[in-house]
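Visitor:
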Amino acid sequence: MKLSYLSFSAALMILALQSNPDVTAASDWPQLRGPNRNGTACHTADIHESSRLEIDWMRALGVGGYSSVVVADGRACTTFSDGKNDYAIALDAATGKERWRFRLDRAFPGRNGADTGPLSTPAIADGNVYALSPYGSFYAIRLSDGKQVWSLNIEDAFGGRRPEFGFTSSPLVADGTLFLQVGGRHKNTLVALDVASGEMRWSRYVDWVEYSSPALLSLDGVSQVVVRTNSHVFAVAPETGAMLWDRKLALGQQTHPTPFALSGNEVFVAGFDGSVLLRVKRRQGTKMAVEEVWKSRDLRGNFSEPVLFDGHIYGYSGVFLTCVDAQTGKKVWKSRQPGDGSLILINEHLLVLDSGGTLHLANATPEGYREQTSLRIFSGRSVTPPSFAQGSIFVRSLNGIARVSIAD
10 MKLSYLSFSA ALMILALQSN PDVTAASDWP QLRGPNRNGT ACHTADIHES
60 SRLEIDWMRA LGVGGYSSVV VADGRACTTF SDGKNDYAIA LDAATGKERW
110 RFRLDRAFPG RNGADTGPLS TPAIADGNVY ALSPYGSFYA IRLSDGKQVW
160 SLNIEDAFGG RRPEFGFTSS PLVADGTLFL QVGGRHKNTL VALDVASGEM
210 RWSRYVDWVE YSSPALLSLD GVSQVVVRTN SHVFAVAPET GAMLWDRKLA
260 LGQQTHPTPF ALSGNEVFVA GFDGSVLLRV KRRQGTKMAV EEVWKSRDLR
310 GNFSEPVLFD GHIYGYSGVF LTCVDAQTGK KVWKSRQPGD GSLILINEHL
360 LVLDSGGTLH LANATPEGYR EQTSLRIFSG RSVTPPSFAQ GSIFVRSLNG
410 IARVSIAD
């Protein structure tokens with residue numbers, strides 16, 4: 010793939026953002042599923058009926074990898090495999106030029122339908138990139154120059170048991186603490202680490218976890234780290250790891266999307282065989298009560314994670330894009346278009362990258378699937394959700410990465 014020049018207007022926009030650090034920080038996409046880990050952009054895009062998608066730059070990226078693109082401080086970072094080794098890489102977000110790459114481990118080979126390459130999405134925080142290899146090697150890498158700050162192996166340090174497709178949990182960073190699901194069979198479901206040193210602050214065991222990542226949510230006014238395991242969903246206090254609530258929950262297989270909040274005290278949890286809405290309430294003491302609001306099979310699947318907009322949840326049920334009522338869990342519509350894919354929310358629009366490499370912009374409406382525009386980006390397989398940062402879209406396939414603008 011050939012690198013193209015960034016448009017003059019986009020370049021001016023980037024310079025304007027970089028001249029205002031507060032705006033730049035607000036428009037970053039520093040972790041899995043964005044600033045609030047819910048697949049929703051915190052800043053708006055200028056989208057009109059006449060808007061179209063344009064590629065700013067595009068470049069090849071090894072032979073495999075599922076990691077999302079995270080963007081902060083003018084850098085776009087992800088992980089990939091060249092067939093021999095797995096790497097974390099930092100690109101100039103404006104131009105696509107490589108700034109550094111860091112070897113994480115030997116390549117993790119594909120198996121049972123999965124391609125070679127890492128699955129965990131890195132996080133950018135406190136001037137570092139935090140990245141996990143499928144073999145359990147975890148690194149803090151300086152964002153500015155790609156130098157190692159600290160490292161550990163979660164098998165050796167925490168007794169993590171490597172799943173069939175490798176370690177995939179994406180780190181969560183908040184207030185100087187890094188939270189990571191490490192998959193210990195008999196201990197250490199979740200660990201909290203000091204971001205500066207990697208030293209463990211606390212750990213919590215409930216159940217084995219294979220393919221899931223934690224979320225920091227405020228439910229009924231209480232800040233909590235919510236964790237999905239193979240057969241439970243639970244929450245702990247971020248400062249101490251103290252248990253706040255726990256509910257046994259089986260939604261099939263071991264691939265679990267990240268939980269997210271729907272309202273002040275409701276959390277949405279999805280899985281391979283369905284989804285459930287839970288209501289969490291404070292009670293006397295440190296424990297919280299949890300109850301099921303509804304359960305549905307209208308949103309279910311492996312890779313794609315749903316988003317919430319205006320009282321409706323949009324996500325995939327198998328290969329069908331589906332809208333359900335957030336209050337009842339009832340299906341509102343189901344569409345074969347745009348095909349199997351992954352999505353995020355920008356303003357009042359769904360941004361979907363389908364598995365064939367085409368990017369779709371559609372209205373988020375309960376009236377049905379209403380596509381506004383689309384653009385073929387990649388010719389190869391794409392299973393990674395888009396990212397939206399600094400006014401532009403960042404997408405990747407198994408072996409390519411691109412920056413895309415929304416233009417008039």
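Take the sequence shown: its letter number 271 is residue 280 in the working numbering, and every next letter is one higher.
In this text, a Cβ means the ideal position worked out from N, Cα and C, and glycines have one as well.
#1: Around the Cβ of R213, are there at least 16 other Cβ atoms within 10 angstroms (buried) or fewer (exposed)?
#2: Can you give me the start and stop residues for the alpha helix (DSSP H) that E208 sits inside?
#3: So, helix, strand or coil for A123, using DSSP?
#4: If you pair each beta-carbon of the stretch 362-369 with each one of the stretch 283-296, do three or more pairs fall below 8 Å?
#5: Taking the runs of the beta strand (DSSP E) that are 3 residues or longer, which of them lie wholly in the stretch 235-307?
#6: Between R110 and M67, what straight-line distance do the alpha-carbon atoms span, to the nearest angstrom?
#7: Look at the Cβ atom of S160, then the Cβ atom of T125, and state whether they are nearer than 8 Å.
#8: Would L352 and S313 be called neighbours here (beta carbons separated by less than 8 Å)?
#9: Hey, V182 and Q40: beta-carbon distance below 8 Å or not?
#10: Identify the continuous beta strand (DSSP E) that holds E173 and give its terminal residues.
#11: Would you mind stating whether S146 and S179 have Cβ atoms separated by less than 8 Å?
#12: One question on the structure: do S221 and Q190 come within less than 8 Å of each other, judged by their Cβ atoms?
#13: Quick one: what does DSSP say S179 is sitting in, helix, strand or coil?
#14: For F111, which of helix, strand or coil comes out of DSSP?
#15: From the DSSP output, in three-state form, read off P30 for me.
#16: Kindly identify the DSSP beta-bridge partner or partners of V79.
#17: Using DSSP with H/G/I as helix, E/B as strand and the rest coil, what is I163?
#18: Put G350 into one of helix, strand or coil per three-state DSSP.
#19: How is K93 classed by DSSP in three states: helix, strand or coil?
#20: Compute the Euclidean distance between the alpha carbons of Q346 and E380, then round it to the nearest angstrom.
#21: Rounded to whole angstroms, what is the Cα-Cα separation between V278 and Y325?
#22: Would you call D37 buried or exposed, if buried means 16 or more other Cβ atoms sit within 10 Å of its Cβ?
#23: What residue range is occupied by the uninterrupted beta strand (DSSP E) comprising G324?
#24: E63 by DSSP, collapsed to three states: which one?
#25: Would you identify the three-state DSSP class for C51, choosing helix, strand or coil?
#26: Does DSSP put N137 in a helix, a strand or coil?
#27: DSSP has W217 in a bridge; who is on the other side?
#28: Does the beta-carbon distance from E219 to P172 come in below 8 Å?
#29: Measuring only the C-alpha atoms, how far is D55 from I402?
#30: Report the option in I64, Y139 and G71 whose CA atom is closest to the CA atom of L384.
#31: Only counting the same chain, and skipping five residues up and downstream in sequence, which positions put a Cβ closer than 7 Å to that of F329?
#32: Could you name the residues that DSSP lists as bridge partners for N372?
#33: Return the CA-CA distance between D319 and E164, expressed in angstroms with no decimal places.
#34: Can you tell me which residues form a DSSP beta bridge with G193?
#35: I'd like the list of long-range same chain contacts for W211, defined as Cβ closer than 8 Å, with 5 residues on each side in sequence excluded.
Guide: The structure says:
#1: Buried, by the Cβ-count rule.
#2: Run containing E208: none; DSSP gives neither H nor E here.
#3: If DSSP states are grouped into helix, strand and coil, A123 belongs with coil.
#4: Cβ pair count under 8 Å is below three, so no.
#5: Counting whole runs of 3 or more residues, the stretch 235-307 contains the beta strand (DSSP E) stretches 241-245, 252-257, 275-280, 283-291 and 297-305.
#6: Their backbone Cα atoms lie some 17 Å apart in a straight line.
#7: The criterion of a C-beta distance shorter than 8 Å is not satisfied by S160 and T125.
#8: Yes; because the gap between Cβ atoms is below 8 Å, this pair is in contact.
#9: If you check the CB distance, V182 and Q40 come in under 8 Å.
#10: E173 -> no beta strand (DSSP E), and no H or E assigned at all.
#11: No, Cβ-Cβ distance for S146 and S179 is not below 8 Å.
#12: Yes, they are a contact pair.
#13: In the three-state reduction of the DSSP assignment, S179 falls in the coil class, being assigned neither a helical nor a strand state.
#14: F111 falls in the strand class under three-state DSSP.
#15: Unreliable positioning characterises P30 in this predicted model, as indicated by a pLDDT of 35, which lies under 50. The coordinate reading is nonetheless provided below. P30 sits in a helix when the DSSP states are folded into three classes.
#16: In the DSSP assignment, the residues bridged to V79 are C86.
#17: I163: helix per DSSP, three-state reduction.
#18: If DSSP states are grouped into helix, strand and coil, G350 belongs with the strands.
#19: Coil.
#20: Near 9 Å, if we compare the C-alpha coordinates of E380 and Q346.
#21: Per the coordinates, the alpha-carbon of V278 lies some 14 Å from the alpha-carbon of Y325.
#22: By the neighbour-count rule (16 or more Cβ atoms within 10 Å), D37 is buried.
#23: Boundaries of the beta strand (DSSP E) harbouring G324: H321 to S326, taken from the DSSP string.
#24: DSSP places E63 within a strand segment (E or B) once states are collapsed to three.
#25: Coil.
#26: Here N137 sits in strand by DSSP.
#27: In the DSSP output, where bridge partners are listed per residue, W217 has none listed.
#28: It is a contact, given that the beta carbons lie within the stated cut-off.
#29: Going from the Cα of D55 to the Cα of I402 covers about 13 Å.
#30: Comparing Cα-Cα distances from L384 to each of I64, Y139 and G71, the minimum goes to I64.
#31: Take F329, set aside five residues on each side of it, and the residues of its chain with a beta-carbon closer than 7 Å to its own are K343, S344 and R345, in chain order.
#32: In the DSSP assignment, N372 is bridged to H358 and R379.
#33: Take the alpha-carbon of D319 and the one of E164: they are about 42 Å apart.
#34: Paired residue(s): G169.
#35: Correct list, in chain order: V200, A201, T249 and G250.
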